[in-house]
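Going by my numbering, the sequence shown opens with residue 2, and the numbers climb by one from there. Cβ coordinates follow ideal geometry from the N, Cα and C atoms, glycine included. This one's a predicted model, so the numbers in the text were calculated from it and none came from an experiment.
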Amino acid sequence: MYRPWGKYDSIDNGDRYQVKHITVKPGANLSVQMHHHRAEHCIVVSGSVKVTNGEKTFLLSENESTYIPVGAVYALEN
2 MYRPWGKYDS IDNGDRYQVK HITVKPGANL SVQMHHHRAE HCIVVSGSVK
52 VTNGEKTFLL SENESTYIPV GAVYALEN
């Protein structure tokens with residue numbers, strides 16, 4: 002699926018999970034999000050990402066990950 006910020010491919014899903022490969026264009030960002038019924042675990046496959054997770058903002062590089070709990074306000078930026 003193509004979006005203004007990049008694209009994502011759905012790789013796998015089941016009753017309680019979904020795996021996506023997300024590509025964010027340089028300088029682009031996903032809108033601020035919050036989910037009431039699911040947590041997310043983001044793993045950087047290549048490059049880096051600026052993560053805002055609640056009150057914290059930090060940079061992740063290749064092979065690093067972060068957990069976003071249910072109800073957390075978060076955003077991803079390349």
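The beta carbons of residue 20 and residue 10 sit no closer together than 7 angstroms. According to the DSSP secondary-structure assignment, residue 20 is paired through a beta bridge with 13.
Two segments are said to touch when three or more pairs of C-beta atoms, one from each, lie closer than 8 angstroms; by this definition the region 38-47 touches the region 61-79. Per DSSP, residue 45 is not a residue of any beta strand (DSSP E), being assigned neither H nor E. In the DSSP assignment, the residues bridged to residue 30 are 78.
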